Every structure is written in structure tokens, then in C-alpha cells.
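Asks:
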Amino acid sequence: MTDLDQVFTDLVRFQIDLWNGVDADLREAADTSLASIESLRVIAARDVCRVNDIADDLRITVGGASKIADRLERAGLVERRANPVDRRSSLVALTREGRATLDRAAPVYEAALARRLGDRLDGATLDHLARALRLLRTEPTREDSE
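Counting from 1, one number per residue, gives the positions in the sequence shown under the UniProt record's numbering.
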């Protein structure tokens with residue numbers, strides 16, 4: 001029988017190590033953070049999005065997403081404008097500098113993931129891990145489905 005506590009510990013510790021390693025590579029080689037890149041990727045995927053979209057995609061609070069958007073705006077990586085549909089919210093879009101930051105970071109990000117995941121697991125194992133993680137993220141728990 002699999003020790004679920006050990007699975008949890010291994011998963012969380014690996015996620016922390018993975019995040020910290022990719023973040024360190026991005027800071028050193030692309031002068032940006034993984035938190036910024038993850039947020040910019042969410043915005044780029046939607047072209048224009050709400051702070052709530054960032055929060056939902058990154059699984060963080062709206063307050064946390066708002067702080068990230070504020071930091072990105074101060075850095076000139078995104079711009080905010082009024083949401084014509086909902087005056088209580090604003091829309092966030094990449095600036096040219098935001099797009100350039102994503103472009104500059106992409107090879108560093110990809111190499112960091114390859115080194116920490118792709119080079120350590122064979123293709124079949126990596127595919128199995130990807131399927132298992134996707135299932136865990138998308139399948140409701142018993143409590144969610146009741």
C-alpha cells in the first residue's frame with residue numbers, strides 16, 4: 001500500500017525545489033522571476049484578462065493576483081485599463097516590454113524544465129506523471145462531487 005503522507009511530502013518538496021530552481025535560473029539569466037513569468041503567461045494566453053483570471057489560473061487569491069498585477073504594471077510589463085463590461089474590475093494586457101520579457105525568458109524557462117524534469121525522467125515516465133497530475137487537477141474529490 002502506498003504511503004499517502006510520503007507521496008504528499010515528496011510531491012510538495014519536489015514542487016518547491018522545482019519552483020526555486022526554475023526561479024533562480026530565470027532571475028540569473030533573464031532578470032525576472034518565475035512568479036512574473038507565470039503571470040505573464042496567463043495574460044498572454046488570454047491576450048487581455050482580468051485579475052480574477054490570473055488568480056483562477058495560478059490558484060492564488062484575488063488579492064495576491066492584484067499585487068502581482070501591480071508589480072508587473074510598475075515594471076512596465078502590463079497595462080491596466082477599465083473593463084467596459086464591469087466597472088468594478090480592470091483588464092490587464094501585456095506591453096511590448098512584457099512580451100519581450102516573455103520572449104527573453106522562454107529559452108531559460110524551457111531549459112530549466114528540461115534539466116529538472118525532461119532529463120531526469122524517460123518519456124514514458126514523464127507521460128505517466130503528466131497524465132496523473134492532470135487527473136488530480138481535473139477530477140473532483142468525493143466531497144466536491146457530493
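The C-beta atom is built at its ideal place from N, Cα and C for all residues, glycine as well. Source: prediction; values computed, not measured.
(1) Hey, which unbroken runs of the alpha helix (DSSP H) at 4 residues or more fall wholly within the segment 70-125?
(2) To the nearest angstrom, how far is it from the Cα of A130 to the Cα of A44?
(3) What span of residues does the alpha helix (DSSP H) with R13 cover, start to end?
(4) Use the C-beta contact count for residue 231: other C-beta atoms within 10 angstroms, 16 or more gives buried, fewer gives exposed.
(5) Is R59 helix, strand or coil when you go by DSSP?
(6) Quick one: Cα of R142 to Cα of L94, how far?
(7) Determine the extent of the alpha helix (DSSP H) in which E139 is found, giving its start and end residues.
Replies: A quick look at the data gives this:
(1) Here the runs fully enclosed are 96-113.
(2) Working through the sequence shown from its first residue, we reach residue 130 at position 130. Working through the sequence shown from its first residue, we reach residue 44 at position 44. Near 23 Å, if we compare the C-alpha coordinates of A44 and A130.
(3) As a position in the sequence shown, residue 13 is number 13, starting the count at 1. In this chain, the alpha helix (DSSP H) harbouring R13 covers 4-30.
(4) Since the first and last residues shown for the chain are 1 and 146, residue 231 lies out of range.
(5) As a working note, residue 59 is residue 59 in the sequence shown. Coil, per DSSP.
(6) The residue given as residue 142 occupies position 142 in the sequence shown. The residue given as residue 94 occupies position 94 in the sequence shown. R142 and L94 have their C-alpha atoms some 39 Å from each other.
(7) As a first step, residue 139 is located in the sequence shown; it is residue number 139 there, counting from the start. Element bounds for E139: n/a, residue is neither H nor E.
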